[in-house]
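First comes the structure, then the notes that go with it.
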Amino acid sequence: MTRSAGGGLETPKTPKRAERRPRAALHYLRGTKIGDDPPDEVFERFIDAVINGVGTAPPVRYEKVSYNAGFWPLSHGGTADLTYDASLAQGVQLLTERAAEPGDVIFGFSQGAVAASFYKSAHSGNRYVLVENPSRPNGGIMARFPGVSIPVAGVTFSGATPHNGDHTIDVARQYDGWADFPADLWNPLAVANALMGILVVHGGTQTEVTADEIRAAESAGPEYYQYDADSNTVYYLLRTPSLPLLMPFERFLPRRVADAVAGPLRWFIETAYDRSDYSRPTRSTFLRPLELLRRVVGADSGV
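When we follow the working numbering, the leftmost residue of the sequence shown carries the number 308, and every step to the right adds one.
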């Protein structure tokens, strides 16, 4: 979808592919050191897949921004790691010290995407590729609860990725709770599914996502691919074939039983999301129970 001059979203006749410009350097920030943490050569192959999938020109070189990527005390370094807020600040500082050239690509995954978002708020002239971005305006958990702080853990929910006109590509996997958290908290199954997605979807992105999967999203419908002209941002949502809530049971459930449960469950979970405009910062709220009931009961009757 694309935003028209009047501010609305409309479906483009042809997808808005990433702009192919002269090849430049790519500066990348990895995600929090929790769970899956593949070596740099594997992560750079993941970058290759994303760059190929979105259609941008391959960079001439990759330059890693080696920040702490901590989430005290849960990350791999335990109590020796920085808090989340301190780690972000370090990532932004080190990225700033790189003095990226105009046209260079800033690539951030997970926590690295939040650091890139902070950097974007104070710099212009670069291109951004953000994957599993917790600051995704409509879906990222940092944008769902802006301003919330957990002082004991050093975590501040910093809000949405800013718009400064720089071309930005934001790729999220469906039901990864860091980047695709529900807007309606009255739907407990959607919340539980997103939290499970953090465990079983998020980390695997670095080894599972393919260029073909990203390209396929462009023709999958407006829920999976949008372009917002006002912010010059392309949003991808990569469909998760299995619901995270059901993934632990797939090896035990007969296929016909799993399929019979998955369809209605996915439909109900989707009632907690508003996928009309990924560029609009959207908080999570406790909708009135009657409003949720109206959505569920009246979806097919026009209520």
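Where is the CB? At the ideal position from N, CA and C, for every residue including glycine.
| query | Does DSSP classify leucine 544 as helix, strand or coil? | reply | Residue state for leucine 544 is assigned as strand, using DSSP reduced to three classes.
| message | Considering only their Cβ atoms, is the gap separating glycine 338 from phenylalanine 416 smaller than 7 Å? | response | For the 7 Å CB-CB criterion, phenylalanine 416 and glycine 338 form a contact.
| Tell me which same chain residues have a C-beta within less than 8 Å of the C-beta of alanine 345, skipping the five on either side of it? | Residue identity check: residue 345 is proline in the sequence provided, not alanine. Here the set comprises Phe353, Gln513, Thr514.
| DSSP state of glycine 415 mapped onto helix, strand, coil | In the three-state DSSP reduction, glycine 415 falls in the strand class (E or B).
| field | For glycine 472, the nearest candidate out of Leu492, Arg451, Asn500, Ser431 (CA to CA) | value | Of the candidates Leu492, Arg451, Asn500, Ser431, the one whose C-alpha sits nearest the C-alpha of glycine 472 is Ser431.
| Hey, how far is the Cα of alanine 407 from the Cα of valine 459? | If you draw a straight line from the Cα of alanine 407 to the Cα of valine 459, it is about 34 Å long.
| task | Could you please give the first and the last residue of the uninterrupted beta strand (DSSP E) stretch that includes leucine 336? | result | For leucine 336, the uninterrupted beta strand (DSSP E) segment begins and ends at 332 to 336.
| task | Can you have a look at valine 438 and say buried or exposed, based on whether 16 or more other CB atoms are within 10 angstroms of its CB? | result | Using a 10 angstroms sphere on the CB of valine 438, the tally of other CB atoms reaches 16 or more, which defines it as buried.
| In DSSP terms, what glutamine 513 is bridged to | Its beta-bridge partners do not exist; DSSP assigns none.
| query | Among all the DSSP beta bridges, which residues are the ones paired with arginine 573? | reply | Answer by DSSP bridge pairing: none, since arginine 573 is not bridged.
| task | Within the same chain, show all residues whose beta-carbon is closer than 6 Å to that of phenylalanine 559, passing over the 5 residues directly before and after it, in chain order. | result | For phenylalanine 559, where only same-chain residues beyond five positions count, there are no Cβ hits under 6 Å.
| How long is the line joining the alpha carbons of isoleucine 529 and glutamate 577, rounded to whole angstroms? | Correcting the residue type first, residue 529 is proline in the shown sequence and not isoleucine. Straight through space, the alpha carbons of glutamate 577 and proline 529 are spaced by roughly 14 Å.
| Backbone CA spacing between phenylalanine 593 and tryptophan 493 [nearest angstrom] | For the pair phenylalanine 593 and tryptophan 493, the Cα-to-Cα distance works out to about 5 Å.
| message | Can you tell me where the beta strand (DSSP E) holding glutamine 481 begins and where it ends? | response | Run containing glutamine 481: none; DSSP gives neither H nor E here.
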